[in-house]
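Structure, as structure tokens:
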Amino acid sequence: MLKPLVIVCLALLLGACSFTPHQNIALERNELAKRQLAQSGNLNELDFDGTPLCAAALTNNMEMARYLLDKGAKVNFGNAEGYRSKTALHSAAAVGSIEIAKLLMAHGADLSIRNRENMTPLELARAEGQPAMVELLTRYESALTDWEATKNSNSVTAYQQFLRDHPGSLYEQEAQAQLQTLQAEAQKQAALDAMEAQLPVSVRRDKYMLQLSNYLKQQDYQKALEIFPKLEALPTAIDPSFNYFYGEALLRTNQPQRALEKLYRYVNQQGSGATHYTPALQLINQAESRL
């Protein structure tokens, strides 16, 4: 006959086993939850209150949040609509789980997703009276917007400005690494430019013309646009077709106003007998239609 204490222990054990992973995560029965998740193989299983990651965020269970993300749980998982539409970041925002929110955002949590009440995590944090979370998400949204602009610019100045504006942001390490890369590249280029400047003007002209010819043949207009200003800066005569090809490259890179300036200059200087007279007029018409 089983002793009463053993019966109680068995009852508790059986009761715990009947709980879902979500419930065990909420109760911080982490080892049991891990075993259940390993057995089911579904880290993103949805219940009435979201995924296991939602449960970890809702109860500020950092151990399980890290475990789930390390195992490959989808940080933004949830149905597109209905009562399962919330994400783990919504759960964290609602209760003020600051550190878990930082962890989720470091793993790519999307601040623009709306839950079943049509709220973003930031809007939900405001509604639930979580000022620290509101500050965190507002700061993150600002950093995210500037980060995307910085990556698009991809310049030393842009990364330096981002680091000044957003110290300690989630992107700080990546920004510093890219800044160092760009600065190293700039130093190499400066050394090359210094050596190139020692060449006779005629040699530099031939070098640039060869580069330009290759880029135009490859239709690499962006690279070609790096060469045109170098040729313009040389104290030597420019090829009669220079402004035609310059204008074409500008138009192909969606700069119609600047393209018109070069193409009109070509037509005015070379006249109707110019080698590329008709194509130049066609490009002018195309450029004007884009203004």
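Here the sequence shown stands for residues 1 to 291, where the numbers follow full-length UniProt numbering.
By construction, the Cβ of each residue, glycine as well, lies at the ideal position given by its N, Cα and C atoms.
Discussion item. Which of the three DSSP states is assigned to aspartate 110 in this structure?
Written reply: coil
Worksheet item: By DSSP, does glycine 247 sit in helix, in strand, or in coil?
Response: helix
Worksheet entry | Own chain residues within Cβ distance below 7 Å of methionine 133, not counting five before or after | Ala93, Gly96, Ile98, Ala101, Ala125
Practice prompt. Return yes when the Cβ of asparagine 44 is within less than 8 Å of the Cβ of alanine 73, no when it is not.
Written response: Their beta carbons are under 8 Å apart, which means alanine 73 touches asparagine 44 by this criterion.
Worksheet item: What is the rounded straight-line gap between the Cα of valine 201 and the Cα of lysine 230?
Response: 11 Å
Item to complete: Could you check the C-alpha separation between alanine 26 and glycine 41 for me, to the nearest Å?
Response: So the alpha carbons of these two residues sit roughly 19 Å apart.
Fill in: 8 Å Cβ cutoff met for tyrosine 110 and asparagine 154
At residue 110 the sequence reads aspartate, which differs from the tyrosine that was named. Taking 8 Å as the Cβ cut-off, aspartate 110 and asparagine 154 do not qualify as a contacting pair.
Worksheet item: What are the partner residues of aspartate 47, as DSSP defines its beta bridges?
Response: Bridge pairing for aspartate 47: Gly50 [DSSP].
Discussion item. Using a Cβ-Cβ cutoff of less than 8 Å, which residues in the same chain neighbour lysine 140 once the five nearest sequence positions on both sides are dropped?
Written reply: The sequence as given places tyrosine at residue 140; lysine does not occur at that position. Same-chain partners within the cutoff: Met105, Leu111, Ser169, Leu170.
Discussion item. Please report the straight-line C-alpha distance between proline 4 and leucine 103, rounded to a whole angstrom.
Written reply: Only weak support is given to the placement of proline 4: the predicted model assigns it a pLDDT of 44, under 50, and the value that follows is read from those uncertain coordinates. Roughly 45 Å separates the two Cα atoms.
Worksheet item: By the 10 Å Cβ neighbour count, where 16 or more other Cβ atoms means buried, how is lysine 71 classified, buried or exposed?
Response: exposed
Worksheet entry | cysteine 9, DSSP secondary structure in three states | Since pLDDT at cysteine 9 reaches only 43, below the 50 mark, its modelled position is unreliable, and no value is offered.
Worksheet item: Around the C-beta of asparagine 285, are 16 or more other C-beta atoms found within 10 angstroms, so that it is buried, or is it exposed?
Response: exposed
Worksheet item: If we ignore side chains and look at the alpha-carbon of each, how far apart do glutamine 257 and alanine 287 end up?
Response: 7 Å
Worksheet item: Roughly how many angstroms separate the alpha carbons of alanine 262 and leucine 234, rounded to a whole number?
Response: What sits at residue 262 in the sequence shown is lysine, not alanine. Lysine 262 and leucine 234: Cα-Cα distance of roughly 18 Å.
Fill in: Uninterrupted beta strand (DSSP E) stretches inside the stretch 176-262 (no shorter than 3 residues)
Taken in chain order, the stretch 176-262 contains no complete beta strand (DSSP E) segment of 3 residues or longer.
Item to complete: Classify lysine 3 as helix, strand or coil using the three-state DSSP reduction.
Response: Confidence is the limiting factor: at lysine 3 the pLDDT is only 44, short of 50, which leaves the residue's position unreliable and the question unanswerable from this model.
Worksheet item: Is the stretch 150-164 touching the stretch 173-192 in the sense that three or more CB pairs, one from each, lie closer than 8 Å?
Response: yes
Worksheet entry | Where methionine 119 falls, given that 16 or more other Cβ within 10 Å makes a residue buried | Buried.
Worksheet entry | Same chain, Cβ closer than 6 Å to glycine 271, five either side skipped, listed in chain order | none
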